[in-house]
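Note sheet for the following structure.
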């Protein structure tokens, strides 16, 4: 009897372990995107061309994802089509383009720290658009996180000058654009499902990225170094499609809260990969700033779960 009783517990523990593993791998894979972009820039490619190749390679996978999730589902209404186009433009095309452009001017570590502020931006948008309240605990945690980013940002401005300011503004614009996507995607996720919406919106973003390249570059610009093609293929699969699926499977097993907390490994992995692969410096400003951001976001997400949320003891 004891062996029979232990089996459900063992299965639950294995599910949690698998969920945590998927969440960690997904976070690290997302963080690797900045490293790959910085490596590709060494071969003289620009942001538009690099983003085009990333989305060109990812497009078939996103189309397959949308088709798979949409089997047996009702057709999209005109309102849904417009919503998918808007979310694809804001959440995946514009956010990706601004992010890629900003990485040409700032370190991968600073880029990841700015993007890691995304939960606070979502709450700020909720406060502005829906008049949702912000507690003093959340405000203090946000302030702590922003101080950490400013610490790292100030050091980069001192080392690189005004280029770092422009790069940080571009990446901040990326974070704002993606936060708008998260704020306005709630209702569509309920109607279409997360997998179908991601597949459709990402496919739309791929079309925007390819169209931007065709409108701004001659076809001869597609001739790039072979290393750029391989890095773009790696970016589109290992750092775009794979982490989306891993994070979704992790949420199914351990829930969104624990998955988000596990995502804190993202900035750390970016810093370590930046030092290892990009020869970026690991200094006291970077360490202190990263600690402030991570502590601030941890407190922020924990505090956000308190009001009006029933949890198991």
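Numbering (our numbering), first residue to last: 5 to 317. Backbone N, C-alpha and C fix where the C-beta goes; we use that ideal spot for every residue, glycine too.
Nearest neighbour of residue 241 by Cα position, chosen from 30, 91, 285, turns out to be 30. Contact between the segment 106-122 and the segment 231-246 is absent: fewer than 3 CB-CB pairs across the two stretches fall below 8 Å. Distance from the CA atom of residue 160 to the CA atom of residue 146, rounded to whole angstroms, is 21 Å. In this chain, the alpha helix (DSSP H) harbouring residue 64 covers 51-74. Along the segment 114-158, the alpha helix (DSSP H) occurs as fully enclosed runs of 4 or more residues at 122-134, listed in sequence order.
Of the candidates 73, 215, 231, 97, 73 places its Cα closest to the Cα of residue 195. By the Cβ test, the segment 130-145 is not in contact with the segment 243-258, since fewer than three Cβ pairs between them sit closer than 8 Å. The residues 113, 117, 152, 156, 271, 272, 275, in chain order, have a CB closer than 8 Å to that of residue 294 in the same chain once the five nearest residues on each side in sequence are set aside. Counting along the chain, the unbroken alpha helix (DSSP H) around residue 84 starts and ends at 82-91.
Note on residue 58: 16 or more other CB atoms within 10 angstroms of its CB, so buried under the neighbour-count rule. For residue 168, the uninterrupted alpha helix (DSSP H) segment begins and ends at 166-188.
Distance check between residue 41 and each of 103, 88, 24 places 103 closest, using alpha-carbon atoms only. Annotated three-state conformation of residue 47 is coil, per DSSP. Between residue 94 and residue 149 the beta-carbon gap is near 23 Å, outside 8 Å, which marks them as no contact. With contacts defined as CB atoms closer than 8 Å, residue 192 and residue 91 qualify as a contacting pair.
The beta carbon of residue 39 sits closer than 6 Å to the beta carbons of 112, 277, 281 from its chain, once the five residues preceding and following it are set aside; these are given in chain order.
The beta carbon of residue 119 sits closer than 6 Å to those of 179, all from its chain and outside the five residues before and after it, given in chain order. Ranked by Cα distance from residue 55, the first of 201, 37, 28 is 37. With the rule of 3 Cβ pairs closer than 8 Å, the segment 17-34 does not count as touching the segment 204-224. A straight-line Cα-Cα distance of about 17 Å links residue 69 and residue 89. Note that the C-beta distance between residue 20 and residue 257 is below 8 Å. Secondary structure of residue 283 (DSSP, three-state): coil. The DSSP-derived three-state label of residue 301 is helix.
With a 10 Å radius around the Cβ and a threshold of 16 neighbouring Cβ atoms, residue 247 comes out buried.
Counting the other CB atoms within 10 Å of its CB gives residue 200 a total of 16 or more, which places it among the buried residues. Take the alpha-carbon of residue 202 and the one of residue 267: they are about 19 Å apart. For residue 79, the three-state secondary structure derived from DSSP is coil.
A straight line joining the alpha-carbon of residue 23 with that of residue 263 spans about 8 Å. When rounded, the separation of the alpha-carbon atoms in residue 50 and residue 206 is 21 Å. For residue 230, the enclosing alpha helix (DSSP H) stretches over residues 230-240. By the 16-neighbour rule on beta-carbons within 10 angstroms, residue 44 is buried. If you draw a 10 Å sphere on the C-beta of residue 165, you find fewer than 16 other C-beta atoms in it, and that means exposed.
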